[in-house]
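Okay, structure first, notes after.
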Amino acid sequence: MRTFPNHCLAVIVLLMLQVPAQALETDQFYAWGRPIADSGTYLNAWVRLTIQDALDSSASVPPMECAAAVKLAQKRLRKTIYQPIEMWAVNNDLVDRIPRGFEENREYRENYLLAHSFSMYLGRWLNPSPTLEVNQVRFGTDKLAHFFSGGLFYYNWWNKHQGDYAPDKMVHKMLRFGTKLEWWLQGKWVTGVVSLGDLEANYQGFLFYEQLCNGDPPLLELSDGRWVFSDRFDIGDYVSPEWDESWNANIYNHSRWRGVRASMAAYCDDLHSPWVEQQRALYRERDVQTPTEVLVAELVAKGKLPDPAQFGITSVCAQKSE
Numbered sequence: 002m003r004t005f006p007n008h009c010l011a012v013i014v015l016l017m018l019q020v021p022a023q024a025l026e027t028d029q030f031y032a033w034g035r036p037i038a039d040s041g042t043y044l045n046a047w048v049r050l051t052i053q054d055a056l057d058s059s060a061s062v063p064p065m066e067c068a069a070a071v072k073l074a075q076k077r078l079r080k081t082i083y084q085p086i087e088m089w090a091v092n093n094d095l096v097d098r099i100p101r102g103f104e105e106n107r108e109y110r111e112n113y114l115l116a117h118s119f120s121m122y123l124g125r126w127l128n129p130s131p132t133l134e135v136n137q138v139r140f141g142t143d144k145l146a147h148f149f150s151g152g153l154f155y156y157n158w159w160n161k162h163q164g165d166y167a168p169d170k171m172v173h174k175m176l177r178f179g180t181k182l183e184w185w186l187q188g189k190w191v192t193g194v195v196s197l198g199d200l201e202a203n204y205q206g207f208l209f210y211e212q213l214c215n216g217d218p219p220l221l222e223l224s225d226g227r228w229v230f231s232d233r234f235d236i237g238d239y240v241s242p243e244w245d246e247s248w249n250a251n252i253y254n255h256s257r258w259r260g261v262r263a264s265m266a267a268y269c270d271d272l273h274s275p276w277v278e279q280q281r282a283l284y285r286e287r288d289v290q291t292p293t294e295v296l297v298a299e300l301v302a303k304g305k306l307p308d309p310a311q312f313g314i315t316s317v318c319a320q321k322s323e
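This is the structure:
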């Protein structure tokens, strides 16, 4: 049996303690064709109230620097395991979602996309994330957790490495680091899944944190000696079709894919339904190649990542019809 040197194990454990836990899985196929009310207004209100309350908790005189104000907000937005906004979203009736209610949640857990894959993965022990909608894009509540928690991890990496790389290399290096974490510590080892939607939510979360002090204009403003979070914030500005895992396919390891593929094939009859065709047409119109997708394409071309296209619903249904 292969063993690791003690110092290697120590590094792995340290990284796992520092990296925000993101083991919750989701399934947007389950919600296909079912109406979900837009939750953007309520999510925006939660973010604004949470950040402003954090800012008002300090009576620093003279006013603290913007970076210190960001740290106050961070402490409210990110926890070690379950993230506050996701826990609020899955337990608040203002946020419409699928599944709804105890009985449907139980059915969802028993039948969602990853329910019939290898049972020893950590992700199977946790409740899967429901699907909500913002600005006509559907995504799991886990993406909100990635936005604030994974985005903060990217933001901290960015600040730590300022000056280490040329400006045009910084984003590439940061995303490469995030991809390695998703592959080794947050995805492959923990759940057998590498979620490209998670990577996109992480990157958008980084943009949010960067815009707090450095946006044009910044989202944090000093007014009469008091830091104020701007009411211009809109979660919909960051959400994109890449957050929907029925559109932006995950990468699965071999043992997990066998069960997932069979579950996904059950949705092939719905792929050409009017509702799904309309939704996917909307996604095609709004989809652009993001920096995360550029990096993934580069890694696929170099043979460092499997091609995610093989795990998509269109590929599965094409093979089923042969």
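Note that our numbering numbers the sequence shown so that position 136 is 137, with each residue one more than the last. Idealized CB from N, CA, C, for every residue including glycine.
Asked: Counting pairs of beta carbons, one from the region 27–46 and one from the region 271–287, are three or more of them closer than 8 Å?; Found: yes
Asked: Compare the beta carbon distance of G206 and H147 with 8 Å and say whether it is the shorter of the two.; Found: yes
Asked: How about R110 and N93: are their beta carbons less than 8 Å apart?; Found: no
Asked: Smallest Cα separation from K144: which of F234, L133 and D308?; Found: L133
Asked: Using the DSSP secondary-structure output, state which residues sit across from G141 in a beta bridge.; Found: T132
Asked: Using the three-state DSSP reduction, which class does D308 fall into: helix, strand or coil?; Found: coil
Asked: Just list the residues that DSSP pairs W228 with in beta bridges.; Found: L223
Asked: Among D270, F234, A302 and P242, which residue has its Cα nearest to the Cα of I52?; Found: F234
Asked: Could you give the distance in angstroms between the alpha-carbon of I249 and the alpha-carbon of W47?; Found: What sits at residue 249 in the sequence shown is Asn, not Ile. Cα to Cα, the separation comes out at about 27 Å.
Asked: Give me the DSSP bridge partner(s) of V195.; Found: I252
Asked: DSSP puts T315 in a beta bridge; with which residues?; Found: BP columns for T315 are empty, so no partner.
Asked: Are L197 and V317 touching if we call contact CB-CB under 8 Å?; Found: no
Asked: Helix, strand or coil for T27? Go by DSSP, reduced to three states.; Found: strand
Asked: What is the rounded straight-line gap between the Cα of S241 and the Cα of S247?; Found: 13 Å
Asked: Are there 16 or more other CB atoms within 10 angstroms of the CB of G151, so buried, or fewer, so exposed?; Found: buried
Asked: Considering only residues of the region 249–290, which uninterrupted alpha helix (DSSP H) runs meet the minimum length of 4 residues and lie entirely inside it, listed in chain order?; Found: 255–266 and 275–287
Asked: Using DSSP with H/G/I as helix, E/B as strand and the rest coil, what is D217?; Found: coil
Asked: Would you kindly report the start and end of the unbroken alpha helix (DSSP H) that includes L95?; Found: Here L95 belongs to no alpha helix (DSSP H), and DSSP marks it neither H nor E.
Asked: Check whether the Cβ atoms of P292 and V172 sit closer than 8 Å, and answer yes or no.; Found: yes
Asked: Does the Cβ-Cβ distance between F154 and I86 come in under 8 Å?; Found: no
Asked: What would DSSP say about D165, mapped onto helix, strand or coil?; Found: coil
Asked: Please tell me whether T142 and V91 are closer than 8 Å, where the distance is taken between their beta carbons.; Found: yes
Asked: Suppose the cutoff is 6 Å on Cβ atoms and the five residues either side in sequence are ignored; what does the same chain contact list for V12 look like?; Found: Annotation note: pLDDT 37 at V12 (below 50); position unreliable, coordinate value reported separately. Once the five neighbours on either side are set aside, V12 has no close Cβ partner at all.
Asked: Considering only the alpha carbon of each residue, which of S61, P64, V71 and D39 lies closest to E211?; Found: V71
Asked: Which of helix, strand or coil does DSSP assign to D39?; Found: strand
Asked: Near G313, what residues of its chain come up, given a Cβ to Cβ distance below 8 Å and the 5 sequence neighbours on each side ignored?; Found: A250
Asked: Taking the CB atoms as reference points, tell me whether C214 and A68 lie closer together than 8 Å.; Found: yes
Asked: Return helix, strand or coil for Y239, following the three-state DSSP convention.; Found: coil
Asked: My output table needs one value for H117: the three-state DSSP class, helix, strand or coil.; Found: coil
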